[in-house]
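S.K.: What follows is a structure written as structure tokens; I'll ask about it next.
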Amino acid sequence: MIHQLAAVDKRAKISKNVIVEPFTTIAGDVEIGEGTWIGPNVTIMDGARIGKNCRIFPGTVISAIPQDLKFDGEDTQVIIGDDTTIRECVTVNRGTKALGYTKIGANCLIMATSHIAHDCVIGDHVIIVNGCGIAGHVEIGDYTVMGGLSAVHQFGKIGKHVMISGGTLVRKDIPPYVKVAREPMSYAGINSVGLRRRGFTNEKIFEIQKIYRAIFQMKMNVSQAISHIEKEMLPTAERDEILQFIQNSPRGIVKGYGTGKDSN
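Residue numbers (the working numbering): 1 to 264.
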């Protein structure tokens with residue numbers, strides 16, 4: 001299943017039913033799971049760990065060394081989960097000693113020409129649309145959709161089930177379940193369409209809306225909003241996830257719409 005015009009190091013661990021198309025280069029310290037398709041003109045460098053049933057399209061470069069001047073040649077990895085598709089000309093850099101790896105979860109779709117830098121951790125079922133730039137040490141939660149030509153500042157954190165409008169410059173952290181848009185980036189409501197698609201009930205969506213109404217629309221600062229939510233709303237998994245995200249955000253969270261001020 002390896003084309004004779006592909007250059008595959010004999011030390012690479014290639015599982016059965018893997019297809020490697022012509023003019024692809026695979027280094028020695030590489031592992032590729034069963035059923036994965038590696039298209040033509042792909043470069044997979046040392047440290048890549050690619051799961052089962054993935055699809056890697058032409059021009060992609062996986063596990064090149066980080067674009068980080070502090071990188072000193074340490075052994076690090078790129079880890080890609082099962083059933084993930086990486087489209088044309090994507091670049092995914094391996095980690096540094098700070099974390100040791102860059103990770104993309106399972107069932108993700110990384111569209112053409114996007115860049116994922118060193119030490120990023122991307123959850124499962126994430127969609128990154130064409131031309132996005134994700135700087136080093138970024139965390140993106142499960143089921144997030146990142147619109148085309150968006151960019152995330154280094155060390156940024158994005159929660160689960162987030163919808164990011166195309167062309168957004170993400171300079172602040174984005175808590176779970178919300179939509180963001182505009183320039184500068186601001187809160188644009190909760191991701192109700194995405195939540196319904198993933199089985200959230202109307203009652204649960206209303207609960208999440210009520211939480212964010214307190215944070216962004218009740219003329220309280222973040223500390224006051226958190227105190228209000230803790231007193232007025234019963235603990236749930238979603239409530240606690242949102243509060244913990246905000247309390248653990250070193251960069252501060254996105255501003256509310258129409259306020260012209262950061263929410264923190």
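Glycine included, each C-beta is placed from N, C-alpha and C at the ideal position.
Could you spell out the range, first to last residue, of the alpha helix (DSSP H) harbouring residue 192?
M.R.: Note, residue 192: alpha helix (DSSP H), 192-197.
S.K.: Tell me which same chain residues have a C-beta within less than 6 angstroms of the C-beta of residue 259, skipping the five on either side of it?
M.R.: Low confidence applies here, because residue 259 scores a pLDDT of 46, under 50, leaving its location unreliable and the question unanswered by this model.
S.K.: Which residue spans inside the stretch 170-241 form an unbroken beta strand (DSSP E) run of at least 3?
M.R.: Counting whole runs of 3 or more residues, the stretch 170-241 contains the beta strand (DSSP E) stretches 178-181 and 186-190.
S.K.: Mapping the DSSP letters down to three states, classify residue 154 as helix, strand or coil.
M.R.: Three-state result, residue 154: coil.
S.K.: Quickly, what does DSSP pair residue 93 with across the bridge? List them, please.
M.R.: DSSP, once it has assigned bridges, lists 64 as partnering residue 93.
S.K.: Exposed or buried, residue 199, counting other C-beta atoms within 10 Å across all chains shown (16 or more means buried)?
M.R.: Classification of residue 199: exposed, given that the 10 Å Cβ count is below 16.
S.K.: Is residue 166 closer than 7 angstroms to residue 149 when the C-beta atoms are compared?
M.R.: Closer than 7 angstroms, so yes.
S.K.: DSSP on residue 109, reduced to helix/strand/coil?
M.R.: If DSSP states are grouped into helix, strand and coil, residue 109 belongs with the strands.
S.K.: Quick check on the DSSP output: the beta strand (DSSP E) that includes residue 103 runs from which residue to which?
M.R.: Here the beta strand (DSSP E) through residue 103 covers 101-104.
S.K.: Should residue 266 and residue 53 be called a contact, given that it needs their Cβ atoms to be closer than 7 angstroms?
M.R.: No information on residue 266 is available, as it lies outside the stretch 1 to 264 that the chain covers here.
S.K.: Shortest alpha-carbon distance to residue 178 belongs to which of 171, 242 and 118?
M.R.: Ranking 171, 242 and 118 by Cα distance to residue 178 puts 242 first.
S.K.: Between the alpha carbons of residue 1 and residue 250, how many angstroms are there, rounded?
M.R.: Using only the alpha carbons, I get a separation of about 48 angstroms.
S.K.: Considering only their Cβ atoms, is the gap separating residue 214 from residue 228 smaller than 7 angstroms?
M.R.: In this structure, residue 214 lies closer than 7 angstroms to residue 228 by Cβ.
S.K.: Using a Cβ distance threshold of 8 angstroms, determine whether the stretch 132-145 contacts the stretch 204-212, with at least three qualifying pairs required.
M.R.: Segments in contact, no.
S.K.: Taking the straight line between their C-alpha atoms, what separation do you get for residue 102 and residue 233?
M.R.: Each residue's Cα considered, the two are about 37 angstroms apart.
S.K.: Whose CA, out of 88, 96 and 18, lies closest to the CA of residue 115?
M.R.: Of the listed residues, the one whose Cα sits closest to residue 115 is 88.
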